[in-house]
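One structure is given below, encoded as structure tokens.
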Amino acid sequence: MGPVYMTLLFFGTLGFFAWSAARRWRQLTVGVPEPRFTLADGELMGRIRDTVVYAFGQLKMPKYRLAGVAHIMIFVGFQVLTIRSLMLAARGYDPYFDFWGILGQESLLGQLYGFAKDTVIAMVLAGVGAFVYLRAVVKSQRMTLSTEGLVILGIIGTMMIADAVYDGAWFVLQSRVTGEPLHLHAEWLGSSLSFLFQGLDESLLTVMAHAGFWVHIALVLIFLNILPFSKHFHIITAIPNVFVRDRTPRGALPNVEDLEGKVERDEPIGISKVTDLSWAQILDLYTCTECGRCSDNCPAYTTDKKLSPKHLTLALRDNLYDAEAALTGEEPFEWANANPPIGEKEEIHTFPKPPADAYFRAEQGIELIPGIINPDVIWGCTTCGACEEQCPVMISYVDKIVGMRRDQVMMQGEMPAELQRPFMGMETNGNPWNQSAMDRGNWADGEEIPLIADHPDAAVLYWVGCAASYDMRAQKTAKSMAKLLKKAEVDFAILGSEETCTGDPARRAGNEYLFQMLAEQNVETMNGYGVGKKTIVTTCPHCFNTLANEYPDFGGKFDVVHHTEFLNGLIARGKLVPEKSVQAKVAFHDSCYLGRYNNVYESPREVLSSIPGVELVEVENANRSKGLCCGAGGAQMWMEEQNENRVNKKRTLQLLDTGADTVASGCPFCMTMLTDGLKAYEKEEEIAQLDVVELLSQSVL
Ligand code: SF4
Ligand code: SF4
Numbered sequence: 005m006g007p008v009y010m011t012l013l014f015f016g017t018l019g020f021f022a023w024s025a026a027r028r029w030r031q032l033t034v035g036v037p038e039p040r041f042t043l044a045d046g047e048l049m050g051r052i053r054d055t056v057v058y059a060f061g062q063l064k065m066p067k068y069r070l071a072g073v074a075h076i077m078i079f080v081g082f083q084v085l086t087i088r089s090l091m092l093a094a095r096g097y098d099p100y101f102d103f104w105g106i107l108g109q110e111s112l113l114g115q116l117y118g119f120a121k122d123t124v125i126a127m128v129l130a131g132v133g134a135f136v137y138l139r140a141v142v143k144s145q146r147m148t149l150s151t152e153g154l155v156i157l158g159i160i161g162t163m164m165i166a167d168a169v170y171d172g173a174w175f176v177l178q179s180r181v182t183g184e185p186l187h188l189h190a191e192w193l194g195s196s197l198s199f200l201f202q203g204l205d206e207s208l209l210t211v212m213a214h215a216g217f218w219v220h221i222a223l224v225l226i227f228l229n230i231l232p233f234s235k236h237f238h239i240i241t242a243i244p245n246v247f248v249r250d251r252t253p254r255g256a257l258p259n260v261e262d263l264e265g266k267v268e269r270d271e272p273i274g275i276s277k278v279t280d281l282s283w284a285q286i287l288d289l290y291t292c293t294e295c296g297r298c299s300d301n302c303p304a305y306t307t308d309k310k311l312s313p314k315h316l317t318l319a320l321r322d323n324l325y326d327a328e329a330a331l332t333g334e335e336p337f338e339w340a341n342a343n344p345p346i347g348e349k350e351e352i353h354t355f356p357k358p359p360a361d362a363y364f365r366a367e368q369g370i371e372l373i374p375g376i377i378n379p380d381v382i383w384g385c386t387t388c389g390a391c392e393e394q395c396p397v398m399i400s401y402v403d404k405i406v407g408m409r410r411d412q413v414m415m416q417g418e419m420p421a422e423l424q425r426p427f428m429g430m431e432t433n434g435n436p437w438n439q440s441a442m443d444r445g446n447w448a449d450g451e452e453i454p455l456i457a458d459h460p461d462a463a464v465l466y467w468v469g470c471a472a473s474y475d476m477r478a479q480k481t482a483k484s485m486a487k488l489l490k491k492a493e494v495d496f497a498i499l500g501s502e503e504t505c506t507g508d509p510a511r512r513a514g515n516e517y518l519f520q521m522l523a524e525q526n527v528e529t530m531n532g533y534g535v536g537k538k539t540i541v542t543t544c545p546h547c548f549n550t551l552a553n554e555y556p557d558f559g560g561k562f563d564v565v566h567h568t569e570f571l572n573g574l575i576a577r578g579k580l581v582p583e584k585s586v587q588a589k590v591a592f593h594d595s596c597y598l599g600r601y602n603n604v605y606e607s608p609r610e611v612l613s614s615i616p617g618v619e620l621v622e623v624e625n626a627n628r629s630k631g632l633c634c635g636a637g638g639a640q641m642w643m644e645e646q647n648e649n650r651v652n653k654k655r656t657l658q659l660l661d662t663g664a665d666t667v668a669s670g671c672p673f674c675m676t677m678l679t680d681g682l683k684a685y686e687k688e689e690e691i692a693q694l695d696v697v698e699l700l701s702q703s704v705l
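Letter by letter, the sequence shown follows residues 5 to 705 of our numbering.
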């Protein structure tokens, strides 16, 4: 088809692509090192499995049906058509190239491939049509409705049509050369077109074959060169990004090693600039498809806060690209002098939300907050993990947001003023309510619950947590739990005043120093009692998550279960028998730290279902992994919400819509937020708000 032209095309386009890719590689290396490859404990197999399931299997895609199916069709098409593009590239040198007969029309494999190729061409065209519909007709607000998206769809569609036209014209030309009649064969699309083209004269057919060929091959190479400069870069980076995803327990935030040493040496802690991101976090930025699923499910974004995870990712990515020369050392610059105040910057990403004063652009590598990102953005996050649950390419957010909070709190001394009190409370009294540490076990007075100091051989440590120790409403949960444990003859004890806050709110609010202090204290206490050989039961999912997933970094390797799992086990073993009927229509609210972070969805439901008289109902399309946060996580419990559109009210409304007369939860913070939500709708008399353990005790005790 033209070896000279093909060679020139290759040199030009692949040379430019190599230059662009090298730039992106250099930008990746401005990030800090982060080990993502250890070969311990089946790590490699786990990564391969994740890649097969999430990248090649597109597991998360169907969560949005039309867009998901359309994407799968295009993705599968691209895999199959890569071979076709290679074959056409080689036909630039040998017009009959068919991989040495392996994919020739006479071979079975060639026929199978031909059929698959034409089928995926049709699938890709259908997928392109669906995306054009979503972008141009539906104007799906979660997507970035840029012209670029439509241009890319146009390129993909044209590539497909060009391929089919090339085949159709080529088949007619071949039949005229060989004298064999046209017939329908495995390449059904091209051979169907050949019947349409059979009356055309030879010169026109030759033009069509050449045009189809060159348009296809040129667009493939042009498309390749657009990728590094567009959101479609994910076509290259998504599979590696899934492969290197963070495989530490989902509920564990990245640990800051040698924190005391860093503080003493005055070394930076947290994420202040885009260069403080790790290379893997920068790869996240390259990989964002701008699909908006994260923001569409974000409790902050959907209640009109400044935080939108998608736009946060884009703001970081833009800063990385905009400040390329400075970041890669091509231009000298001073970090400290490069931070214009809010208001003097170009506003970006305002369609359709978030507010115009949330994200900004600057052509320098400046401090992210407030240079690129309004502080309200990071302080609006509940760390609920809904964004990460939805992201089809496994982009992480909570680590970045908490990283920025760490910088703000520990390096800049900047934070919402309301956090001062819980920080002080945790530091001086071991609880964010700042009540006396000595009163921690008062809730158990008269309940005849042994302290571990008096009963060190107890098989189970009931970890009560700050809420159930100090909050009068949550104390009822603790009392119900203790009564059920006794009824089941569980050999348990509590730490009493030796227990202190796990540090979850401190860590998620960015006060890593305070968290580590509390973690070390608790680990020392529990290891002193040999808790590593016992089972810890918690009534708080935040305590559960921190003890199970974060304390191992501090020498605390414990067997931790949430009370709903423990109670479910007692019921299964016949130790607890729910006998009395409890007439209630119950909607269960999934706590983020129980469900999304620790995959405990069924135990609370099984406990509730075991109670005679209970009718369990679900929030439609917002239960289990899609459940909406109550609004308390990530230390939001102690912060003022940024606007009147409350997360807890939104969630309460969803629960009320089920028609339930009882809202059940398994978290003291969710309970507080939902109780407030019910009060806001003046439903607190009508609708009961109970922990799962309270409902069970009504049936058992
Ligand atoms: S963790 Fe939750 S609140 Fe934070 S950005 Fe993600 S979805 Fe939004
Ligand atoms: S971060 Fe993930 S979910 Fe959010 S827009 Fe990007 S690809 Fe979509």
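Glycine included, every Cβ here is placed at the ideal spot set by N, Cα and C. No experiment lies behind these values; they were computed from the predicted model shown.
Following a CB-centred definition, is residue i positioned closer than 7 Å to any heavy atom of ligand 1?
i: Ala390; result: yes
i: Ala304; result: yes
i: Thr293; result: no
i: Leu632; result: no
i: Asn301; result: yes
i: Cys385; result: yes
i: Tyr401; result: yes
i: Leu311; result: yes
Report the partner residues of residue i according to the DSSP bridge assignment.
i: Trp447; result: In DSSP, Trp447 forms no bridge with anything.
i: Ser669; result: Asp695
i: Ala710; result: Absent from the model: residue 710. The displayed extent of the chain is 5 to 705, so no value can be given.
i: Thr542; result: Trp467, His566
i: Leu455; result: Ile498
i: Ile377; result: Tyr363
i: Val36; result: Ser282
Return yes when at least one heavy atom of ligand 3 lies under 7 Å from the C-beta of residue i, else no.
i: Val397; result: As far as ligands go, the structure on display features ligand 1 and ligand 2 and does not contain ligand 3.
Quick check: what's the CA-CA separation for residue i versus residue j?
i: Ala134; j: Leu70; result: 7 Å
i: Tyr9; j: Asp288; result: 37 Å
i: Val56; j: Lys538; result: 38 Å
i: Leu94; j: Trp104; result: In the sequence on display, residue 94 carries Ala and not Leu. The alpha-carbon atoms of Ala94 and Trp104 are separated by roughly 11 Å.
i: Phe558; j: Arg40; result: 20 Å
i: Leu228; j: Thr123; result: 23 Å
i: Thr666; j: Leu659; result: 9 Å
i: Pro616; j: Lys310; result: 45 Å
i: Ala591; j: Glu624; result: 11 Å
i: Asp594; j: Leu372; result: 33 Å
i: Ile456; j: Pro608; result: 27 Å
i: Tyr97; j: Thr307; result: 59 Å
i: Trp339; j: Tyr474; result: Residue placement at Trp339 is flagged as unreliable, the pLDDT there being 46, under the threshold of 50; a coordinate-derived value is accordingly withheld.
i: Asn708; j: Met643; result: Because residue 708 is not part of the residues shown, which for the chain are 5 to 705, the question remains open.
Just to check, is the beta-carbon of residue i closer than 7 Å to a non-hydrogen atom of ligand 2?
i: Arg297; result: yes
i: Lys404; result: no
i: Pro37; result: no
i: Thr317; result: yes
i: Lys314; result: yes
i: Gln394; result: yes
For residue i, which of the options has the nearest alpha-carbon?
i: Thr662; options: Glu644, Glu619, Lys683; result: Glu619
i: Ala44; options: Ala636, Arg251, Cys302; result: Arg251
i: Asp171; options: Leu113, Cys674, Met408, Tyr100; result: Tyr100
i: Glu406; options: Glu271, Glu689, Arg269, Gly637; result: Looking at the sequence itself, residue 406 is Val, so the reference to Glu does not match. The shortest Cα separation from Val406 among Glu271, Glu689, Arg269, Gly637 belongs to Gly637.
i: His566; options: Leu423, Gly514, Glu606, Gln202; result: Glu606
i: Asp280; options: Leu331, Met127, Leu257; result: Leu331
i: Thr568; options: Glu554, Thr550, Thr543; result: Thr543
i: Val381; options: Tyr363, Cys395, Pro396; result: Tyr363
* Residue ranges of each alpha helix (DSSP H) within the segment 232 to 301, 4 or longer -> Restricting attention to alpha helix (DSSP H) runs no shorter than 4 residues, the segment 232 to 301 encloses them at 238 to 247, 263 to 268, 283 to 291, 297 to 300, ordered along the chain.
* **4-residue-minimum alpha helix (DSSP H) runs that sit fully inside the segment 379 to 414, ordered along the chain** => When DSSP assignments are scanned along the segment 379 to 414, the uninterrupted stretches of alpha helix (DSSP H) that are 4 or more residues long and fall wholly within it turn out to be 379 to 383, 390 to 394, 402 to 410.
* Any alpha helix (DSSP H) of 4 or more consecutive residues that is wholly inside the segment 299 to 327 -> Listed in chain order, the complete alpha helix (DSSP H) runs (minimum 4 residues) inside the segment 299 to 327 are 313 to 326.
* **Complete alpha helix (DSSP H) runs within the segment 625 to 683 (minimum length 4 residues, chain order)** => 651 to 660
* Whole runs of the alpha helix (DSSP H) within the segment 146 to 216, excluding any shorter than 4 residues -> 151 to 182, 192 to 201
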